[in-house]
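Be aware that the sequence shown starts at -7, since it is given in the working numbering, and climbs by one per residue.
From the three backbone atoms N, C-alpha and C, an ideal C-beta is built for every residue, glycine too.
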Amino acid sequence: MSSIFGQVLKITTFGESHGKGIGVVVDGYPAGVALQEEDVQVQLDRRRPGQSRLTTDRGEADRVTILAGVEHGKTLGIPITLFVANQDQRPGDYHSLRTVPRPSHADYTYQVKYGTRSSSGGGRASARETIGRVAAGAVAEKMLRQLAGIDIVAWVSSVGGLDAPVIDWKDLTRSHVDRHAVRCPHAETADAMTDIIMKAKDQGDSLGGVITCVCRHVPPGLGEPVFDKMEALLAHAMLSIPATKGFEIGSGFAGTRMRGSEHNDPFVRRNGSLGTSTNNSGGVQGGITNGEPILFRVAFKPVATIGLEQETVDFEGNPTVLKARGRHDPCVLPRAVPIVEGMAALVLGDMLLQQKMRETVQDAVC
Ligand SMILES: Cc1cc2nc3c(=O)[nH]c(=O)nc-3n(C[C@H](O)[C@H](O)[C@H](O)COP(=O)(O)O)c2cc1C
């Protein structure tokens, strides 16, 4: 099982849904960066369950503790360990699921792969695992801001087939995004999304959607062709988030309907170097950032655990009807926004450190 992500900036997440807690070890992080628990907590609060009526009722405060790697408010250059204790476990809710794998969840595949599985809550397949990613992402973001001025903002751009109009993201901030609990910055669409999520919740059903993310002030030159191209790593990072089904960068699938003459991003002179007048490339060409904002989208499915009765079979193959108990998200999109931001920060952080190392060696050689 791979719980490790990254090459130079490397994270290892640990813990499961109904165990003692969840956490992450961040390795390869520079010394001397100011870091306190509050820097991490702001993003965990945006991921936490129970933050609005649109999310699961599981009551977790998700308070983070820095266990190691930081002294007097500064990183020490050694592994940073962050931990969040689980509080509101109700393993009883999962009793019926011991014998019946939830359709489209991870119960069946974990069982066939490992011959065993966590007895409740989805174990490592639970979205609680993403606490470690969000915490590490917040740590990475501190470094990204300090070293390169990079900032990352994600928002919900579609829910259940209801699309927000194109958002002007140039000056978009996380506070704009958080004005609506659904995390869509377009007020009217946010209200309509809230309505359809609440309707689905009342019906015991779930909805999917799309998160859009912009990474601004990314310097040119990040990305490691040919296998660790920037878009390949972003796709890897995003598709490792539970419940994701698709990734698009720049024009994405819509670009297949355009001609080269429309799709090409002409170069223009900008601030003493080159920029592009359009950004169908999404800020990446040849797997390397070109200095334009990175713009990508991530598709999330309607989550598997629903309160409606579903005809299925148990692990023995006997027909049964499953009606899930427990507390589940009717739509994970609002809570997934900081997860997308966190994973983007980890990819950019890793690529930034790799490029800085290359430049240092190059300077020494020349
Ligand atoms: C923030 C977030 C919350 C989630 N909450 C639930 C949930 O309440 N119920 C559920 O069945 N799945 C939930 N999921 C999705 C499952 O973790 C995921 O579907 C499961 O691990 C199977 O993996 P897969 O969908 O990637 O194949 C959530 C995902 C995210 C990102």
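Query raised in the report: From Asp194, Leu345, Asp163 and Glu63, pick the residue whose C-alpha is nearest to that of Gln(-1); which is it?
Result: That would be Leu345, whose Cα lies nearest to the Cα of Gln(-1).
Requested in this report: Evaluate Ile241 with the Cβ neighbour count: other Cβ atoms within 10 Å of its Cβ, from every protein chain shown; 16 or more gives buried, anything less gives exposed.
Outcome: Flag for Ile241 reads buried.
Query raised in the report: Does DSSP classify Gln277 as helix, strand or coil?
Result: Three-state result, Gln277: strand.
**Report entry** Cβ pair Val34, Asp54 closer than 7 Å
**Finding:** No, the Cβ-Cβ distance between Val34 and Asp54 is not below 7 Å.
Query raised in the report: Per DSSP, what kind of secondary structure is Asp220 in: helix, strand or coil?
Result: In the structure shown, the three-state DSSP call for Asp220 is strand.
Query raised in the report: What whole-angstrom Cβ distance do Pro258 and Asn271 have, given they're in contact under 8 Å?
Result: The pair is not a contact, with the Cβ atoms about 11 Å apart (cut-off 8 Å).
Query raised in the report: Should His320 be listed as close to ligand 1, given that the test is whether its C-beta is under 6 Å from any heavy atom?
Result: Yes, ligand 1 has a heavy atom inside 6 Å of this Cβ.
Query raised in the report: Would you say the beta carbon of Arg109 comes nearer than 6 Å to a heavy atom of ligand 1?
Result: For Arg109, the shortest separation between its Cβ and any heavy atom of ligand 1 does not lie below 6 Å.
**Report entry** Residues of its chain near Ser273, where Cβ-Cβ distance is below 6 Å and the 5 sequence neighbours each way are ignored
**Finding:** Cβ within range, chain order: Gly242 and Asp257.
Query raised in the report: What do you reckon, is the C-beta of Arg289 under 6 Å from a heavy atom of ligand 1?
Result: It does not: the Cβ of Arg289 is nowhere closer than 6 Å to a heavy atom of ligand 1.
Query raised in the report: Any idea what DSSP makes of Phe245, helix, strand or coil?
Result: Reduced to three states, the DSSP call for Phe245 is helix.
Query raised in the report: Sorted by chain position, which residues of the same chain lie with C-beta nearer than 6 Å to Arg327's C-beta, five sequence neighbours on each side aside?
Result: Cβ neighbours of Arg327 beyond the five flanking positions: Arg39 and Thr47.
**Report entry** Reference Gln195; option with closest CA among Glu8, Glu63, Ala336 and Cys323
**Finding:** Closest option to Gln195, judged by alpha-carbon separation, among Glu8, Glu63, Ala336 and Cys323: Cys323.
Query raised in the report: Rounded C-beta distance between Met343 and Ile233? I'm assuming under 8 Å.
Result: The pair is not a contact, with the Cβ atoms about 19 Å apart (cut-off 8 Å).
Query raised in the report: For Ser265, which beta-bridge partners are listed by DSSP?
Result: Per DSSP, Arg262.
Query - Close Cβ partners of Ile189 (< 8 Å) along its chain, the five nearest in sequence each way excluded - result: Closer than 8 Å at the Cβ level, and outside the excluded window around Ile189, lie Leu46, Val151, Gly152, Val174, Leu199, Pro322 and Cys323.
Query raised in the report: Under the criterion of a Cβ to heavy atom distance below 6 Å, does Arg125 qualify as lining ligand 1?
Result: Incorrect: Arg125 has no Cβ contact closer than 6 Å to ligand 1.
**Report entry** Which residues DSSP lists as bridging Ser150, in chain order
**Finding:** Its beta-bridge partners are Asp155 and Val202.
Report task. Starting from the C-beta of Pro41, find all residues in its chain whose C-beta is less than 6 Å away, skip the five residues before and the five after it, and write them out in chain order. Result -> The beta carbon of Pro41 is closer than 6 Å to those of Thr47, Thr48, Arg50 and Glu52 in its chain, skipping five residues each way along the sequence.
Query raised in the report: Can you check whether the CB of Val332 is closer than 7 Å to the CB of Ile203?
Result: Yes, Cβ-Cβ distance for Ile203 and Val332 is below 7 Å.
Query raised in the report: Between the Cα of Asp220 and the Cα atoms of Glu254, Thr281 and Trp161, which residue gives the shortest distance?
Result: Here the closest residue by C-alpha is Thr281.
Requested in this report: Could you please give the first and the last residue of the uninterrupted alpha helix (DSSP H) stretch that includes Arg125?
Outcome: Thr122 to Ala140 is the extent of the alpha helix (DSSP H) around Arg125.
Query raised in the report: In whole angstroms, what is the alpha-carbon distance linking Ala316 and Trp147?
Result: CA-to-CA, the gap between Ala316 and Trp147 works out to about 29 Å.
Report task. Kindly indicate which residue of Ser253, Lys134, Ala182 and Gly114 has the alpha-carbon position closest to the one of Thr297. Result -> Closest option to Thr297, Cα to Cα, is Gly114.
Query raised in the report: Which one or two residues does DSSP pair with Leu287 in a beta bridge?
Result: Under the DSSP definition of a beta bridge, Leu287 partners with Val206.
Query raised in the report: What three-state label does DSSP hand Thr108 in the structure shown?
Result: For Thr108, the three-state secondary structure derived from DSSP is coil.
**Report entry** Cβ-Cβ distance between Val56 and Ala127 below 7 Å
**Finding:** Cβ atoms of Val56 and Ala127: closer than 7 Å.
Query raised in the report: Beta carbon of Arg40: closer than 6 Å to some heavy atom of ligand 1?
Result: For Arg40, the Cβ stays outside the 6 Å cut-off from all heavy atoms of ligand 1.
Query raised in the report: What are the boundary residues of the beta strand (DSSP E) that includes Lys2?
Result: Here the beta strand (DSSP E) through Lys2 covers Lys2 to Gly7.
Requested in this report: Under the assumption that Val313 contacts Glu303 (Cβ atoms under 8 Å), give the Cβ distance between them as a whole number of angstroms.
Outcome: In this structure Val313 touches Glu303 by the C-beta definition: roughly 6 Å separates them, less than 8 Å.
Report task. Using alpha carbons as the reference points, say which of Ala98, Ser118, His97 and Arg125 lies closest to Phe(-3). Result -> Per the Cα distances, Arg125.
Query raised in the report: Going straight from the alpha carbon of His64 to that of Thr73, what length do you get?
Result: Using only the alpha carbons, I get a separation of about 15 Å.
Report task. Let me know the beta strand (DSSP E) ranges lying completely inside the stretch 12 to 58, each 3 residues or longer, listed in chain order. Result -> With a minimum length of 3 residues, the continuous beta strand (DSSP E) runs that stay inside the stretch 12 to 58 are 13 to 19.
**Report entry** Gly309, DSSP secondary structure in three states
**Finding:** In the structure shown, Gly309 falls within a coil segment according to DSSP collapsed to helix, strand and coil.
Query raised in the report: Taking the alpha carbon of Leu225 as the point to measure from, which residue in Ala117, Asn263 and Phe288 has its own alpha carbon closest?
Result: Sorting Ala117, Asn263 and Phe288 by C-alpha distance to the C-alpha of Leu225 places Phe288 at the top.
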